[in-house]
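Colleague:
4 protein chains.
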Amino acid sequence: MKTKATIIFAACVWISCMGQAQIPGTTTLDLEKAARIAHAAHERAMQDEWNVAIVILDAGGHMLYFKRMDGTQLASIDVAIEKAKTALFYKRPTKIFQDRLAQGEAAILSLPDMMPFEGGLPVTIDGVVVGSIGVSGVTAQQDGIIAAAGLNAL
Amino acid sequence: MKTKATIIFAACVWISCMGQAQIPGTTTLDLEKAARIAHAAHERAMQDEWNVAIVILDAGGHMLYFKRMDGTQLASIDVAIEKAKTALFYKRPTKIFQDRLAQGEAAILSLPDMMPFEGGLPVTIDGVVVGSIGVSGVTAQQDGIIAAAGLNAL
Amino acid sequence: MKTKATIIFAACVWISCMGQAQIPGTTTLDLEKAARIAHAAHERAMQDEWNVAIVILDAGGHMLYFKRMDGTQLASIDVAIEKAKTALFYKRPTKIFQDRLAQGEAAILSLPDMMPFEGGLPVTIDGVVVGSIGVSGVTAQQDGIIAAAGLNAL
Amino acid sequence: MKTKATIIFAACVWISCMGQAQIPGTTTLDLEKAARIAHAAHERAMQDEWNVAIVILDAGGHMLYFKRMDGTQLASIDVAIEKAKTALFYKRPTKIFQDRLAQGEAAILSLPDMMPFEGGLPVTIDGVVVGSIGVSGVTAQQDGIIAAAGLNAL
Numbered sequence: 124m125k126t127k128a129t130i131i132f133a134a135c136v137w138i139s140c141m142g143q144a145q146i147p148g149t150t151t152l153d154l155e156k157a158a159r160i161a162h163a164a165h166e167r168a169m170q171d172e173w174n175v176a177i178v179i180l181d182a183g184g185h186m187l188y189f190k191r192m193d194g195t196q197l198a199s200i201d202v203a204i205e206k207a208k209t210a211l212f213y214k215r216p217t218k219i220f221q222d223r224l225a226q227g228e229a230a231i232l233s234l235p236d237m238m239p240f241e242g243g244l245p246v247t248i249d250g251v252v253v254g255s256i257g258v259s260g261v262t263a264q265q266d267g268i269i270a271a272a273g274l275n276a277l
Numbered sequence: 124m125k126t127k128a129t130i131i132f133a134a135c136v137w138i139s140c141m142g143q144a145q146i147p148g149t150t151t152l153d154l155e156k157a158a159r160i161a162h163a164a165h166e167r168a169m170q171d172e173w174n175v176a177i178v179i180l181d182a183g184g185h186m187l188y189f190k191r192m193d194g195t196q197l198a199s200i201d202v203a204i205e206k207a208k209t210a211l212f213y214k215r216p217t218k219i220f221q222d223r224l225a226q227g228e229a230a231i232l233s234l235p236d237m238m239p240f241e242g243g244l245p246v247t248i249d250g251v252v253v254g255s256i257g258v259s260g261v262t263a264q265q266d267g268i269i270a271a272a273g274l275n276a277l
Numbered sequence: 124m125k126t127k128a129t130i131i132f133a134a135c136v137w138i139s140c141m142g143q144a145q146i147p148g149t150t151t152l153d154l155e156k157a158a159r160i161a162h163a164a165h166e167r168a169m170q171d172e173w174n175v176a177i178v179i180l181d182a183g184g185h186m187l188y189f190k191r192m193d194g195t196q197l198a199s200i201d202v203a204i205e206k207a208k209t210a211l212f213y214k215r216p217t218k219i220f221q222d223r224l225a226q227g228e229a230a231i232l233s234l235p236d237m238m239p240f241e242g243g244l245p246v247t248i249d250g251v252v253v254g255s256i257g258v259s260g261v262t263a264q265q266d267g268i269i270a271a272a273g274l275n276a277l
Numbered sequence: 124m125k126t127k128a129t130i131i132f133a134a135c136v137w138i139s140c141m142g143q144a145q146i147p148g149t150t151t152l153d154l155e156k157a158a159r160i161a162h163a164a165h166e167r168a169m170q171d172e173w174n175v176a177i178v179i180l181d182a183g184g185h186m187l188y189f190k191r192m193d194g195t196q197l198a199s200i201d202v203a204i205e206k207a208k209t210a211l212f213y214k215r216p217t218k219i220f221q222d223r224l225a226q227g228e229a230a231i232l233s234l235p236d237m238m239p240f241e242g243g244l245p246v247t248i249d250g251v252v253v254g255s256i257g258v259s260g261v262t263a264q265q266d267g268i269i270a271a272a273g274l275n276a277l
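Residue numbers (the numbering used here), protein chains in the order written: chain A, 124 to 277; chain B, 124 to 277; chain C, 124 to 277; chain D, 124 to 277.
Written as structure tokens, this is what we have:
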């Protein structure tokens, strides 16, 4: 009985510790993960010599990481940030709003924190939105390819 | 004579009280009523496991009460507030503007304090607009169902 | 052996579920907790017949809960929100900035998201800032008393 | 004589070419250099376990690179950016304005793009201001130490 109790206790401690470790580890986007995502997106952009700005936001929509490749148009700084904010605040890819607008749903234009161009994606860990990535600089479709490559790094 | 005077005086007091009671008493939205409306809306949302933000504004368009259910997308904070503001400032349900925009009336987009999505309703007491409710988080139609359930509590 | 394995498995599931529950429970401020804090602050305000606006923000500085008592000056809506934002963004009571400014540190006035009046407090769980409370309506000192009473409810 | 003139001429051409090559090479802040500065600042911050946000702006005051260490207060995102903007727009360390304000020159508060706290420094190459660094998260003096360490990497 003693042994069994000990095993159960050990299992409890082990699982409990895992739970503790998971709290900041899996439900938060830290700088290390943000940099990893941005690095992967940057690598993808360089592959095609695409010049873009890349931003990673945390779960509250606050900036964690940003880099702008040489030669990127200045407007892309804010466009990237706004795409990331849209993806985070609405918990979905910005492409969804681009498509709805293209299909004639003009009301999209009146939504707050709305940048209806592909290139913004929520970052999800264990089904929870923990942040987002925004990319801008080339076409919206290419921006989207870069953003997706970033997410693949997680 | 004395009796007649007393009766007239009593009638005056009674009418005066009614008048008094109606002006600030029934045509103002106080915190108690606002919370009651929001509570009913919240109950309706939980019934279908819909996660939304609910806001109640007073007759001046200023916030009286707000609550955001767990899991609601962050964008819905501002969308709910803007829907309520639209309903209050234009004294009509936001769905009216959604429909007009959907029918091609793009000029709607240039109106101030305009959130042309269902889910915002004026709160009316004795025919007077005394405030408004705004709901956001699920589809515009579902937001509208929740807002209407809130009004039913009055 | 089978029984032991079953017990361990059951324990695992049970603890795992607890772990799941703990993730939002201990490091997140949910609506239930936010309402509890606001309710306690409201009770304290009523005790002295103080009319105030009370707001609770989440870890990203986004509104979770808000209520404004009848008779509260309209300015207190934004003042309460800004106090809560200051407490959250700077991870400390707003009174610290009020004191520094009173001691002549004028540079405080140029800081972003800065409302240097007592009445804003971070909400901390297990040493982590998970949100904040902001109160405004009476004197800054009284606002501070109400905010502190709110935190005591946790 | 002729030979000497030829040699001098050749040397001039050679140096001139080097100069040409140096113009875009040394008077522009590219992403590689920005990341190097930020990396050195980050290293210095970690040495004392200081949590800060670090930003590098280009010659136009536009963001090139940003990173926020885990645990940094959210306000430091904007404070770091504003410090860097001040250093860039006024071509001098932000500490100069902090000192002038501390000496009673309140007019400093009315200047645009002004964040009068140590921690913002212009980045200069060959005597030309090509960008700036902004650091925020610990005390203004410590932020300044980190920013200076970043510049040393150039």
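Ideal Cβ placement from N, Cα and C applies to all residues, glycine included.
All values reported here derive from a predicted model rather than from experimental measurement.
Leaving out five residues before and five after glutamine 170 of chain B in sequence, what residues of the same chain have Cβ atoms less than 7 Å from its Cβ?
Modeller: No residues qualify anywhere along the chain.
Colleague: My output table needs one value for leucine 277 of chain A: the three-state DSSP class, helix, strand or coil.
Modeller: Here leucine 277 of chain A sits in coil by DSSP.
Colleague: I'd like the span of the beta strand (DSSP E) that includes arginine 191 of chain B, first residue to last.
Modeller: 186-191 is the extent of the beta strand (DSSP E) around arginine 191 of chain B.
Colleague: Beta strand (DSSP E) containing isoleucine 179 of chain C: first to last residue?
Modeller: From DSSP, the beta strand (DSSP E) with isoleucine 179 of chain C extends over 176-181.
Colleague: Leaving out the 5 sequence neighbours to the left and right, which residues in its chain are closer than 7 Å to alanine 272 of chain B when beta-carbon positions are compared?
Modeller: Excluding residues within five positions, the ones whose Cβ falls inside 7 Å are Ala163, Ala164 and Arg167.
Colleague: Measure the C-alpha to C-alpha separation of glycine 242 of chain D and serine 259 of chain D and round it to an integer number of angstroms.
Modeller: Cα to Cα, glycine 242 of chain D sits roughly 7 Å from serine 259 of chain D.
Colleague: Going along chain B, which residues have a C-beta under 9 Å from serine 199 of chain A?
Modeller: The premise fails here: serine 199 of chain A is roughly 22 Å from chain B at the closest Cβ pair, so nothing lies under 9 Å.
Colleague: Pull up the CB-CB distance for leucine 224 of chain B and serine 255 of chain B, whole angstroms please, since I reckon it's below 8 Å.
Modeller: In fact, because the Cβ distance is near 19 Å, the residues do not count as touching under 8 Å.
Colleague: Using the beta-carbon count (16 or more within 10 Å), is proline 239 of chain D buried or exposed?
Modeller: Proline 239 of chain D is buried by the Cβ-count criterion.
Colleague: Mind checking glycine 257 of chain A: buried by the 16 CB within 10 Å criterion, or exposed?
Modeller: The residue is buried, with at least 16 neighbouring Cβ atoms inside 10 Å.
Colleague: With 8 Å as the threshold, decide whether the Cβ of arginine 191 of chain D is near any Cβ in chain A.
Modeller: Chain A contact via Cβ: present.
Colleague: If you run the structure through DSSP and keep just helix, strand and coil, what is threonine 217 of chain C?
Modeller: It is coil, neither helix nor strand.
Colleague: For a contact defined as C-beta to C-beta under 7 Å, what are the partners of aspartate 366 of chain A on chain D?
Modeller: Residue numbering for chain A in the displayed model covers 124 to 277; residue 366 of chain A lies beyond these limits and cannot be assessed.
Colleague: If you draw a straight line from the alpha carbon of isoleucine 269 of chain A to that of leucine 277 of chain D, how long is it in whole angstroms?
Modeller: Cα to Cα, the separation comes out at about 30 Å.
Colleague: Looking only at its chain, what residues have a beta carbon closer than 7 Å to the beta carbon of leucine 180 of chain D, apart from the 5 residues adjacent to it on each side?
Modeller: Closer than 7 Å at Cβ, skipping near neighbours: Met186, Leu187, Ala207, Lys208, Leu211, Gly254 and Ser255.
Colleague: How about leucine 232 of chain C and leucine 197 of chain D: do their beta carbons lie closer than 8 Å?
Modeller: No, the pair does not count as a contact, with Cβ atoms beyond the cut-off.
Colleague: Do you know how far the Cα of glutamine 221 of chain D is from the Cα of valine 175 of chain D?
Modeller: If I take the Cα positions, the gap works out to 19 Å.
Colleague: For histidine 185 of chain C and chain B, any beta-carbon pair shorter than 8 Å?
Modeller: So yes, histidine 185 of chain C belongs to the interface.
Colleague: Candidates B:Trp173, B:Val178 and B:Asp266: which alpha carbon is nearest leucine 154 of chain B's?
Modeller: When only C-alpha atoms are compared, the closest one is B:Val178.
Colleague: Of the choices B:Thr262, B:Thr247, B:Leu274 and B:Val261, whose alpha-carbon is the least far from that of threonine 119 of chain B?
Modeller: Absent from the structure is residue 119 of chain B, since the part of chain B shown begins at 124 and ends at 277.
Colleague: Three-state secondary structure (DSSP) at glycine 227 of chain A?
Modeller: Note: glycine 227 of chain A maps to coil in three-state DSSP.
Colleague: Note down, in chain order, each residue of its chain lying with its Cβ closer than 7 Å to the Cβ of threonine 217 of chain D, except the 5 sequence neighbours on either side.
Modeller: Cβ within range, chain order: Lys206, Thr209, Ala210, Met238, Pro239, Phe240, Glu241, Gly242 and Gly243.
Colleague: Does the distance from the CB of lysine 190 of chain D to the CB of valine 252 of chain D come in under 8 Å?
Modeller: Cβ atoms of lysine 190 of chain D and valine 252 of chain D: not closer than 8 Å.
Colleague: Starting from serine 259 of chain C, trace the beta strand (DSSP E) both ways and give me its first and last residue.
Modeller: Per DSSP, serine 259 of chain C belongs to the beta strand (DSSP E) from 251-259.
Colleague: Could you tell me the distance, in whole angstroms, from the CA atom of glutamine 145 of chain D to the CA atom of glutamine 226 of chain D?
Modeller: At glutamine 145 of chain D the pLDDT is 42, less than 50, meaning the model places this residue with poor confidence; the figure from the coordinates comes in the next sentence. Cα to Cα, glutamine 145 of chain D sits roughly 42 Å from glutamine 226 of chain D.
Colleague: Buried or exposed: aspartate 193 of chain C, going by 16 or more other Cβ atoms within 10 Å of its Cβ?
Modeller: Its Cβ having fewer than 16 others within 10 Å, aspartate 193 of chain C is exposed.
Colleague: Residue range of the alpha helix (DSSP H) that leucine 234 of chain C falls in?
Modeller: It is not in any alpha helix (DSSP H) - leucine 234 of chain C carries neither H nor E in the DSSP assignment.
Colleague: Is alanine 182 of chain C close to chain A, meaning its C-beta is less than 8 Å from at least one C-beta of that chain?
Modeller: So yes, alanine 182 of chain C belongs to the interface.
Colleague: For chain B, find out if any of its Cβ atoms is closer than 8 Å to the Cβ of alanine 236 of chain A; answer yes or no.
Modeller: The sequence as given places aspartate at residue 236 of chain A; alanine does not occur at that position. Closer than 8 Å: yes.
Colleague: Could you check the C-alpha separation between glycine 183 of chain C and alanine 182 of chain A for me, to the nearest Å?
Modeller: Distance between the alpha carbons of glycine 183 of chain C and alanine 182 of chain A is about 7 Å.
Colleague: Could you list which residues in chain B have their beta carbon closer than 7 Å to that of serine 233 of chain A, in chain order?
Modeller: Within chain B, the residues near serine 233 of chain A are Leu232, Met237, Met238 and Pro239.
Colleague: What does tyrosine 188 of chain C touch in chain B if you count any residue whose Cβ is under 8 Å from its own?
Modeller: Result: Phe189, Lys190 and Arg191.
Colleague: DSSP on leucine 154 of chain C, reduced to helix/strand/coil?
Modeller: In this structure, leucine 154 of chain C counts as helix in the three-state DSSP scheme.
Colleague: With 8 Å set as the bound, which would you pick, yes or no: does the beta-carbon of alanine 207 of chain A sit closer than that to a beta-carbon of chain B?
Modeller: False, the Cβ-Cβ gap to chain B never drops below 8 Å.
Colleague: For isoleucine 267 of chain A, which of helix, strand or coil comes out of DSSP?
Modeller: In the sequence on display, residue 267 of chain A carries glycine and not isoleucine. Here glycine 267 of chain A sits in helix by DSSP.
Colleague: Is the separation between the beta-carbon of tryptophan 173 of chain A and that of glutamine 265 of chain A shorter than 8 Å?
Modeller: Going by C-beta atoms, tryptophan 173 of chain A is nearer than 8 Å to glutamine 265 of chain A.
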